[in-house]
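Chains as they are written, first to last, in the numbering used here: chain A, 22 to 184; chain B, 1044 to 1327.
Taking it in order: structure first as structure tokens, then the write-up.
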């Protein structure tokens, strides 16, 4: 089967790659673009470890063909922060022990980032509802919710300070 | 978890998509949000040679309300359904149901058209559309035709849609009165053990009209005309609600699966309908 010429914007950079239409977005990100932040957990649309941002939507990249993302803007955890400059969400997950094994964390943070774009002042209930597509088998979610609420407070304070 | 190979097509309008389906025949399928189809392709329970992606077809997107009639393009996502103020005003039951479908990531991708056209008995929108007495508009090589949601479903994954037709638009009258979408599920992301869509109107102390549809309790959605009729003209006292539940139980036909045996499903269906009627009546 012939490959498609994919043109994407990933973490702000224009990238091009060849991929078969049947390749899932998670496979193209990890194996062709070497972005191994988004993880493959269940690979059946349940766990959310593969969550990335696609044109302003949180999506499970194991359930999107890369071909569907042709022309799209994608943000992965690599686009949010790095070891030298953590994103506020990453700082707060660290501060509040929002992770134990860390496998679900890239998906958690990428999803939480979009949630806070849409709702900068969520209640605890709204965080839980908005994070319902991401599973964590370690933490019991308490500290994940705490981290996201703390990040919202920090981000709002930073926004106010800038104004 | 890698599907078999296929060719990918992305037409820009419905006519182009219908032309592709006509030309490629049964080797082709359309993809909307893909959250039913892609899992099936990964399991290789669905194999196809050509995938026709509808995402660029703008004429299949958007929500409008004109002269009391709601029109929703089939490619409108569940996320868009639950964030639409105009829809929340015209038919709030759609928002209430959308909030109970899957999880946020799935709702960003999943579309109302895919949900109603796939014919999966577990999907929530088909029952809701029967409750609303919605009309589905299908476009094929010979033009468009309308089918009522209440006569669209034939069996699990079998509908009145022909292979070369595309379901493009869903329309129904704006609602007034009380509404409720009640769903029992084992966890977020699961299909319903039982779900009920209820619309009621009130005339003084009595119920003036009632429409009741049930989800995942048969191989098609079940619009129970008798259950609705049992409520009309009553003050929704316990006897009337019990009669509606009894009528509904005659119309459903659940099967045993990992959500429980038949007796349990009948029990849950009764509880869910009872709660839905109570909430709808509160709002009527």
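Where a beta carbon is used, it is the ideal one built from N, C-alpha and C, also for glycine.
>> So, under 8 Å CB-CB, residue 1189 (chain B) and residue 1178 (chain B) are touching, yes? Tell me the CB distance rounded to an integer number of Å.
In response: Within the second chain, residue 1189 (chain B) is the residue found at index 146, counting from 1. Within the second chain, residue 1178 (chain B) is the residue found at index 135, counting from 1. Their Cβ separation, rounded to whole angstroms, is 5 Å, which keeps residue 1189 (chain B) and residue 1178 (chain B) in contact under 8 Å.
> By Cβ distance, which residues of its chain are closer than 6 Å to residue 1065 (chain B), with the 5 residues on each side in sequence left out?
Replying inline: Within the second chain, residue 1065 (chain B) is the residue found at index 22, counting from 1. Cβ neighbours of residue 1065 (chain B) beyond the five flanking positions: 1184 and 1207.
> For residue 25 (chain A), which residues in chain C fall below 9 Å Cβ to Cβ?
Replying inline: The structure shown contains no chain C; the protein chains it does contain are A and B.
>> Below 8 Å on the Cβ atoms is my contact criterion, and I expect residue 1061 (chain B) with residue 1182 (chain B) to pass it. Report the Cβ-Cβ distance as a whole number of Å.
In response: To locate residue 1061 (chain B), count along the second chain from 1; it is residue 18. To locate residue 1182 (chain B), count along the second chain from 1; it is residue 139. At roughly 6 Å, the Cβ-Cβ gap stays under 8 Å, so residue 1061 (chain B) and residue 1182 (chain B) are in contact.
> What is the DSSP secondary structure of residue 94 (chain A), counted as helix, strand or coil?
Replying inline: The residue given as residue 94 (chain A) occupies position 73 in the first chain. Three-state DSSP puts residue 94 (chain A) in a strand.
> Taking just the CA atoms, how far does residue 163 (chain A) sit from residue 1327 (chain B)?
Replying inline: Residue mapping note: residue 1327 (chain B) aligns to position 284 of the second chain, counting from 1. Residue mapping note: residue 163 (chain A) aligns to position 142 of the first chain, counting from 1. Approximately 38 Å between the Cα atoms of the pair.
>> From the DSSP secondary-structure annotation, give me the bridge partner or partners of residue 215 (chain A).
In response: This structure gives no information on residue 215 (chain A), because the portion of chain A shown stretches from 22 to 184.
> What residues in the stretch 93-104 of chain A have a beta carbon less than 9 Å from any beta carbon of chain B?
Replying inline: none
>> I need the straight-line Cα distance from residue 1219 (chain B) to residue 133 (chain A), nearest angstrom please.
In response: Start at 1 with the first residue of the second chain, and residue 1219 (chain B) comes out as number 176. Start at 1 with the first residue of the first chain, and residue 133 (chain A) comes out as number 112. Looking at the two C-alpha atoms, the distance is approximately 36 Å.
> Are there three or more Cβ pairs, one per stretch, closer than 8 Å when the stretch 111-121 of chain A is compared with the stretch 155-162 of chain A?
Replying inline: yes
> Near residue 1074 (chain B), which residues of its chain fall below 6 Å by C-beta distance, leaving aside the five closest residues on each side in sequence?
Replying inline: In the second chain, the residue the question calls residue 1074 (chain B) occupies position 31. So the qualifying residues of the chain are 1080, 1094 and 1096.
>> At the 7 Å Cβ level, is residue 1254 (chain B) part of the contact set with chain A, yes or no?
In response: Within the second chain, residue 1254 (chain B) is the residue found at index 211, counting from 1. So no, residue 1254 (chain B) is outside the interface.
> Along the chain, where does the beta strand (DSSP E) that runs through residue 1256 (chain B) open and close?
Replying inline: Stepping through the second chain from its first residue, residue 1256 (chain B) is reached at position 213. Run containing residue 1256 (chain B): 1249-1258, per the beta strand (DSSP E) assignment.
> If we cut at 7 Å on Cβ distances, does residue 1146 (chain B) have a partner in chain A?
Replying inline: What you label residue 1146 (chain B) is simply residue 103 of the second chain in a count that begins at 1. Answer yes: the Cβ-Cβ gap between residue 1146 (chain B) and chain A drops below 7 Å somewhere.
>> I believe residue 1175 (chain B) touches residue 1117 (chain B) by the beta-carbon criterion, under 8 Å. Please report the beta-carbon distance rounded to the nearest angstrom.
In response: Counted from its first residue, the second chain places residue 1175 (chain B) at position 132. Counted from its first residue, the second chain places residue 1117 (chain B) at position 74. That belief does not hold up - the Cβ atoms of residue 1175 (chain B) and residue 1117 (chain B) are roughly 15 Å apart, past 8 Å.
>> My output table needs one value for residue 1158 (chain B): the three-state DSSP class, helix, strand or coil.
In response: As a position in the second chain, residue 1158 (chain B) is number 115, starting the count at 1. Correct three-state label for residue 1158 (chain B): helix.
> Tell me the DSSP bridge mates of residue 1201 (chain B)?
Replying inline: Along the second chain, one-based indexing puts residue 1201 (chain B) at 158. Residue 1201 (chain B) pairs with B:1198.
> In whole angstroms, what is the alpha-carbon distance linking residue 1212 (chain B) and residue 1155 (chain B)?
Replying inline: Here residue 1212 (chain B) refers to the residue found at position 169 when the second chain is read from its first residue. Here residue 1155 (chain B) refers to the residue found at position 112 when the second chain is read from its first residue. Going by the C-alpha atoms only, they are around 9 Å apart.
> Using a beta-carbon distance below 7 Å, is residue 73 (chain A) in contact with chain B?
Replying inline: Here residue 73 (chain A) refers to the residue found at position 52 of the first chain. Not one chain B Cβ lies under 7 Å of residue 73 (chain A).
> Counting Cβ pairs closer than 8 Å, one from the stretch 44-52 of chain A and one from the stretch 101-115 of chain A, do we hit at least three?
Replying inline: no
>> Quick check on this structure: which residue in A:101, A:102 and A:74 has the alpha carbon closest to the alpha carbon of residue 90 (chain A)?
In response: Numbered from its first residue, the first chain carries residue 90 (chain A) at position 69. The shortest Cα separation from residue 90 (chain A) among A:101, A:102 and A:74 belongs to A:74.
> Terminal residues of the continuous beta strand (DSSP E) containing residue 1151 (chain B)?
Replying inline: The residue you call residue 1151 (chain B) lines up with position 108 of the second chain. Note, residue 1151 (chain B): premise wrong, no beta strand (DSSP E); alpha helix (DSSP H) at 1147-1152.
>> Please classify residue 65 (chain A) as buried or exposed, where buried requires at least 16 other C-beta atoms within 10 Å of its C-beta.
In response: If you number the first chain from 1, residue 65 (chain A) lands on position 44. When all chains shown are included, residue 65 (chain A) counts as exposed.
> Quick one: what does DSSP say residue 1049 (chain B) is sitting in, helix, strand or coil?
Replying inline: In the second chain, residue 1049 (chain B) corresponds to position 6, counting from 1. In this structure, residue 1049 (chain B) counts as coil in the three-state DSSP scheme.
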